[in-house]
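What follows is a single structure, written as structure tokens, with notes after it.
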Amino acid sequence: MITHITWHTNGYGTQVAWIKADAKAILAIHEHVITNNGRLSVTHNDYNTWTLVIRSVKMEDRGVYMCQVNTDPMKMQTAFLEVVIPPDIVYEETSGDMMVPEGGSAKLVCKARGYPKPKIIWRREDGREIIARNGTHGKMKATVVEGEMLSLTKVTRSEMGAYMCIASNGVPPSVSKRMKLQVHFHPLIQVPNQLVGAPLGTDVTLICNVEASPKAINYWQRENGEMIISNERYSMNENESSMYAVQMTLVIRKLHKADMGGYKCISKNSIGDAEGTIRLYEMELQKKTKTAHRLNSVEDTSNDEINSTPNVDQPEETNKIHKNGRLYKGLQGSEHDLMSSSGATGIVVSAHRGGFGLFQSMPRHLHHRPHQSSTGWSGEAKLLIVLLVHLRQLLARWLLRLVRLTRRKVLQATVAIQFQHPTPSPCSSPVLLHSSL
């Protein structure tokens with residue numbers, strides 16, 4: 001960088017002197033440099049324009065400069081030279097990458113020099129908020145934190161990542177330093193589905209979600225301790241979703257009977273280990289459905305939508321329910337029946353994936369209201385059983401996969417039917433029937 005200080009004179013035969021006023025040091029007279037400073041020189045373009053040139057300006061050059069002309073009376077003019085220095089990181093006083101155990105504390109320090117004094121701010125490289133905890137204000141979040149020191153307490157795994165310290169003072173360019181914070185903790189495994197069913201001859205995927213830092217060694221085992229190796233039938237993959245989170249997948253192709261049983265996903269790092277268990281069972285393919293039948297019916301077109309909640313897939317079973325002398329049985333397959341009982345009347349409805357056999361041949365949606373005062377419901381289903389005995393109200397609740405019945409076809413369901421009797425009787429208390437389908 002070169003700085004010029006220029007003075008204009010008005011006549012011939014005059015001499016010009018340059019003085020560093022605050023140091024009271026003569027720098028140059030006319031065109032001759034007096035001081036022992038090779039960075040200074042004096043030039044003039046014509047008879048009355050003189051310039052003091054300072055090359056590679058340093059902070060020590062800052063101050064008051066005086067130009068004197070030997071006229072009578074003597075003339076002089078002063079100028080102040082302000083020296084600005086862009087920021088620079090002081091690496092020997094600045095933190096580097098850091099490791100801290102989860103729940104511990106970390107102090108990141110960033111020092112910078114320059115003139116004016118640089119301002120330092122902190123940001124996360126990924127743009128997420130910085131979490132500051134203290135006893136007075138509790139937990140505070142901010143995208144930008146000012147100061148030479150960034151103090152992090154009770155550190156969690158979500159605070160792991162790169163932090164940027166940025167120094168600026170209005171003199172370009174700004175500078176930054178990247179520091180990586182590593183949070184260490186023992187592995188944690190979450191299994192989305194602990195019970196998985198699939199028919200023989202098909203492919204099935206088992207999933208485990210792992211969190212660990214430092215990076216863990218992950219592998220699969222059978223429940224007898226036999227390690228699973230990748231081959232034409234077994235395929236294992238790991239997909240990273242963050243610095244510390246990995247999804248383990250095991251694909252088993254063309255299922256055999258011998259494949260059924262327990263599987264373990266295991267994760268180990270230098271701090272500890274963890275494991276998750278998945279049980280694989282054989283799921284029978286649905287047999288060809290038969291036409292649904294009815295014992296009695298009341299026609300209706302009610303189309304009320306019912307919200308649903310999750311249900312775990314279960315193999316179809318025969319269900320028998322006995323209450324106050326009345327016996328109901330749910331048969332495997334497509335047929336359901338109401339067993340004889342004195343004074344018992346009722347409706348038996350079977351609805352299947354291929355269609356429905358209620359009131360009309362194979363309708364797309366099932367509508368049913370057994371009595372004028374009962375609640376209506378509708379939807380598509382794989383299998384539905386409705387039993388009615390001397391009822392005035394029927395309350396049905398479907399347990400599905402967080403969907404409305406009219407939006408998605410149901411593969412497995414549980415129907416909960418609550419019977420309320422019109423008058424007090426030995427069976428006046430509500431009867432709750434469950435059938436897992």
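Just so we're aligned: 78 in the UniProt record's numbering is position 78 of the sequence shown, and the numbers increase by one with no gaps anywhere. Heads up, the beta-carbon is just placed ideally off N, CA and C, and yes, glycines get one too. None of the values given here were measured: they were computed from a predicted structure.
Give the DSSP-derived three-state secondary structure of residue 244 in the structure shown. In the three-state reduction of the DSSP assignment, residue 244 falls in the coil class.
Compute the beta-carbon to beta-carbon distance between residue 186 and residue 272, rounded to the nearest angstrom, for a pair I have assumed lies under 8 Å. 3 Å
Quick one: residues in its chain with C-beta nearer than 6 Å to the C-beta of residue 169, no 5 flanking neighbours on either side, listed in chain order? Shown here for residue 169: same chain residues with a beta carbon closer than 6 Å to its own, the five before and five after excluded, namely 87, 114, 116 and 118 in chain order.
Residue 438 versus residue 101 - alpha carbon distance: Nothing in the structure corresponds to residue 438, since the chain is present only between 1 and 437.
Close Cβ partners of residue 63 (< 8 Å) along its chain, the five nearest in sequence each way excluded: 20, 21, 22, 23, 80 and 81
Here's the rule I'm using: 16 or more other beta-carbon atoms within 10 Å means buried, otherwise exposed. How should residue 237 be labelled? exposed
Taking the CB atoms as reference points, tell me whether residue 200 and residue 282 lie closer together than 8 Å. Between residue 200 and residue 282, the CB-CB gap stays under 8 Å.
Which residue marks the beginning of the beta strand (DSSP E) containing residue 17, and which one marks its end? Residue range 16-20 is occupied by the beta strand (DSSP E) that includes residue 17.
Closer than 8 Å is the cut-off here; do at least three beta carbon pairs connect the stretch 170-180 with the stretch 189-209? no
Note down, in chain order, each residue of its chain lying with its Cβ closer than 6 Å to the Cβ of residue 211, except the 5 sequence neighbours on either side. Cβ within range, chain order: 188, 244 and 245.
Going by the CB atoms, is the gap between residue 166 and residue 204 shorter than 8 Å? Taking the C-beta atoms as reference points, residue 166 is found no nearer than 8 Å to residue 204.
Enclosing beta strand (DSSP E) for residue 43 [first to last residue]: 40-44
Would you call the stretch 94-110 and the stretch 36-50 in contact, with 3 or more CB pairs under 8 Å? Judged by Cβ distances under 8 Å, the stretch 94-110 makes no contact with the stretch 36-50, as fewer than three pairs qualify.
For residue 234, which option in 216, 270 and 256 has the closest C-alpha, if you only look at C-alpha atoms? 256
Comparing alpha-carbon positions, which option in 121, 191 and 83 lies nearest residue 57? 83
Quick check on residue 258: does DSSP put it in helix, strand or coil? In this structure, residue 258 counts as helix in the three-state DSSP scheme.
What residue from 248, 191, 215 and 148 has the CA that sits closest to residue 107's CA? 148
Going by the beta-carbon positions, is the gap between residue 129 and residue 142 smaller than 8 Å? yes
I'd like to know if residue 106 contacts chain D, where contact means its C-beta is closer than 8 Å to some C-beta of that chain. Of the protein chains in the structure, only one exists, and it is not chain D.
Which runs of the alpha helix (DSSP H) spanning at least 4 residues fall entirely within the UniProt domain "Ig-like" (87-176), listed in chain order? none
From residue 127 to residue 158, what distance separates their C-alpha atoms? 13 Å
Report the three-state DSSP secondary structure of residue 203 (helix, strand or coil). coil
If residue 122 sits next to residue 145, beta carbons under 8 Å apart, how far is it from one beta carbon to the other, in whole angstroms? Between residue 145 and residue 122 the Cβ distance is about 4 Å, and since that is below 8 Å, they are a contact.
From the DSSP output, which residues share a beta bridge with residue 276? Residue pairing for residue 276: DSSP places it in a beta bridge opposite 265.
Can you find the residues in the same chain that come closer than 8 Å, C-beta to C-beta, to residue 254, ignoring five residues on each side of it along the sequence? 201, 202, 203 and 233
Rounded to a whole number of angstroms, what is the C-alpha to C-alpha distance between residue 18 and residue 75? 12 Å
Closest by C-alpha distance to residue 280, when choosing among 194, 50 and 268: Across the set 194, 50 and 268, the C-alpha of 194 shows the shortest separation from the C-alpha of residue 280.
Please list the terminal residues of the continuous beta strand (DSSP E) segment that includes residue 76. 75-81
If you draw a straight line from the C-alpha of residue 247 to the C-alpha of residue 258, how long is it? 26 Å
Taking the beta strand (DSSP E) that residue 63 belongs to, which residues open and close that run? 63-69
What's the gap between the Cα of residue 226 and the Cα of residue 213? Approximately 26 Å between the Cα atoms of the pair.
Residue 69 vs residue 16 beta-carbon contact at 8 Å: yes
In this structure, does DSSP put residue 283 in helix, strand or coil? coil
Distance check for residue 31 and residue 43, CA to CA, integer angstroms please. 7 Å
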